[in-house]
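Below: the structure, in structure tokens.
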Amino acid sequence: MSGWDPAVTTLPAGPTVLAVDGPATMDWAAVVGNLSKALAERGTPVEHLDLSAQLAPWPGIVERTASAGLSQDPDFERLAAGSLADLFDAVPEPPSQSEGVVIVFGPGAALVEHDVLWYVDLPKRYAEAAIVSGDGRNLGQREGDGRPTTKRLFYIDWPLLDRHRDAVAPHIDRWIDVQDATGPVSVDGLTLRRTIAHLAQRPFRTRPTFNTTSWGGHWAQRELGINREASNTALGYELIAPESGVLIGRPGVQVEVPFQLVVALHPQQVLGEQVHATFGTLFPIRFDYLDTVDGGNLSVHCHPRPEYMREVFGWPYTQHETYYMMVGGEGRKVYLGLRDGVDVDAFAQEARAADRHGLPFDIEQYVQTFPAVAHQLFVIPAGTPHGSGEGNVVLEVSATPYLYSLRFYDWLRRDPQNGQRPVHVDHAFNNLGTDRTGDKVRTDLVQPPRIVREDRRGWREELLGALPEMFFEVRRVVIDCDEPAEDDTAGRFHILNVVEGDGVLVETASGHRHSLAYAETLVVPAAVGTYTLHRLGSARVLLVKSLVP
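First residue of the sequence shown? That's 10 in our numbering, and the numbers climb one at a time after it.
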């Protein structure tokens, strides 16, 4: 359904309290203005109750969401616990004598007693852009409360808002995509939930997006035709549960719903029973691209070790990673692991001097490099210093927490305001793992492929990377024949990405078919069961596959 006018015709006759919930970074004036206009043109009296005015004062919100350990940290905050309701001193009652429609609007509107619940949504890429530009506000922030920050958006606002959205999802009467506030596209709640239930039983793609950074390259622009007007295509978010969306509907009349909502409503079907028991409704693996072709080196960084991730950052599992080299070549490199006999104190001293005084240093005195050979996998457990060099395209297959890159060194790069880009020396060295150095880095983290299963007709599956401390594996399916490669989720989701060749046709036992092209990623829910991969074209096809074994 397109437009506000058709949407308001679905409201019941007579006095109605309409709760219109949604994220904080939204042009609520435009949403409510267009909705009110559509009601007024039908002769319906309208009253408003703005929930943002009912939130606690900003100092109280900051106090309620602060953590003792990170409150003064410029870049990180502990992941918010609790609920959106905690930010209200009291949830108000709607007017009781209204003759028309009372529109209760803003984040938390569903908490107010209502007759009908609508959820208006903007994908998170809009929120991040609004916060970075200064045009948006953080949750609970009012005019005069200072500049918004991505720190609050990532670690406070999104966790609270996502938790609230997932909790009210079974009760939503209409989902409204307001990427065009004047011409929104909507679907009734029952159809939304039925569609999501169907989706959880079949393979599907999430909507990819690319972001720019100071080190970004141009491979995705040239090879995939993506964001050609952007300065670069550094980060390709193929599948990142907290941000990815899924398009449902037909071309021209589509709504985008959060991938996380699909998982929250049907966790066992998507994840599988055992993975759900471990991770709840968190989808634990992500796929993304790091494009440095004609760009620059990534920072050399690490990710929090498990205890630090839980105790300091509040995330229940840590960020183990792998790098699969989509594009590499002669002279290209990957930074990975400490050198043998490394002087960690000297490393820390030089890293701090770079941060505080802008003094460059040779990171290769401390961190090893390896040739960036195409189709090699590098395994990167938490605490391991690493980074992709210039000229590569990395398919990053990793655990889902994605906002905790602890930088040792960032080549003294400048940010858009010409300040030195932040590094996180204390956090990084608090998490630096010293149990693998020298040759042990090569033997443990640069693993040769091992055949898991093989078919004499011309296809095989290889294990590329696994470690005892990592909960997921990375495999590769090689199809060099026209015979179908057979697979089975066996009660655990699979993720597939075509890294070479023309692609595959994925066909499930229930008859669902999904074509997957080069550089595309596909979620195969646990509920799919058996499926086959049919090569497209005549060239060899390689697919990276990841799962929680």
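Ideal Cβ positions, reconstructed from N, Cα and C, are used throughout, including at glycine. Owing to the predicted nature of the structure, the values given are computational and were not obtained by experimental measurement.
Boundaries of the alpha helix (DSSP H) around residue 451: 448 to 454. 8 angstroms or more divides the Cβ of residue 482 from the Cβ of residue 410. One alpha carbon belongs to residue 370, the other to residue 462, and they sit about 46 angstroms apart. Beta bridge pairing from DSSP links residue 296 with 248 and 406. Note on residue 393: 16 or more other CB atoms within 10 angstroms of its CB, so buried under the neighbour-count rule. The criterion of a C-beta distance shorter than 8 angstroms is satisfied by residue 13 and residue 193. In the DSSP assignment, residue 142 falls outside any beta strand (DSSP E) and within the unbroken alpha helix (DSSP H) covering 133 to 142. Secondary structure note for residue 494: its beta strand (DSSP E) is the uninterrupted segment 494 to 497. The secondary-structure analysis by DSSP pairs residue 30 across a beta bridge with 128. No Cβ-Cβ contact shorter than 8 angstroms links residue 222 with residue 253. Between the C-alpha atoms of residue 487 and residue 236 there is a straight-line separation of about 30 angstroms.
Residue 315 sits in a helix when the DSSP states are folded into three classes. The three-state reading of DSSP puts residue 440 in helix, counting H, G and I together. Going by DSSP, residue 378 is part of the beta strand (DSSP E) stretching over 376 to 380.
Assigned with DSSP and collapsed to three states, residue 205 falls in helix. Annotation for residue 175: the continuous alpha helix (DSSP H) segment containing it runs 167 to 177. Between residue 329 and residue 250, the C-beta spacing is not below 8 angstroms.
Nearest in C-alpha terms to residue 244, of all of 257, 301 and 282, is 301. Cβ-Cβ distances below 6 angstroms link residue 197 to 183 in the same chain, with the five nearest sequence neighbours on each side left out; the list follows chain order. Annotated three-state conformation of residue 285 is helix, per DSSP. Judged by beta-carbon spacing, residue 345 lies within the 8 angstroms limit of residue 379, meaning their Cβ atoms are closer than that value. Bridge partners of residue 540 according to DSSP: 496 and 517. The region 336 to 343 and the region 435 to 450 do not touch, with fewer than three beta-carbon pairs separated by less than 8 angstroms. A direct Cα-Cα distance of roughly 14 angstroms separates residue 383 from residue 399. Per DSSP, reduced to three states, the secondary structure at residue 302 is coil, with no helix or strand assignment. When DSSP states are grouped into helix, strand and coil, residue 411 belongs to the coil group.
In the displayed model, residue 429 falls within a strand according to three-state DSSP. The bridge partners DSSP lists for residue 159 come to none.
Boundaries of the beta strand (DSSP E) around residue 471: 468 to 474. Its chain contains 474 as the residues whose beta carbon lies nearer than 6 angstroms to that of residue 456, once the 5 sequence neighbours on both sides are disregarded; these appear in chain order.
A Cβ-Cβ separation of about 6 angstroms places residue 504 in contact with residue 532 under the 8 angstroms criterion. Classified as buried, residue 123 has 16 or more neighbouring CB atoms from the shown chains inside 10 Å of its CB. Listed as beta-bridge partners of residue 506 by DSSP are 530 and 553. Each residue's CA atom was taken as its position, placing residue 467 and residue 316 some 44 angstroms apart. Membership of residue 464 in the beta strand (DSSP E) is indicated by the continuous run 459 to 464.
Just measuring C-alpha positions, the residue of 70, 17, 29 and 513 sitting nearest residue 547 is 513.
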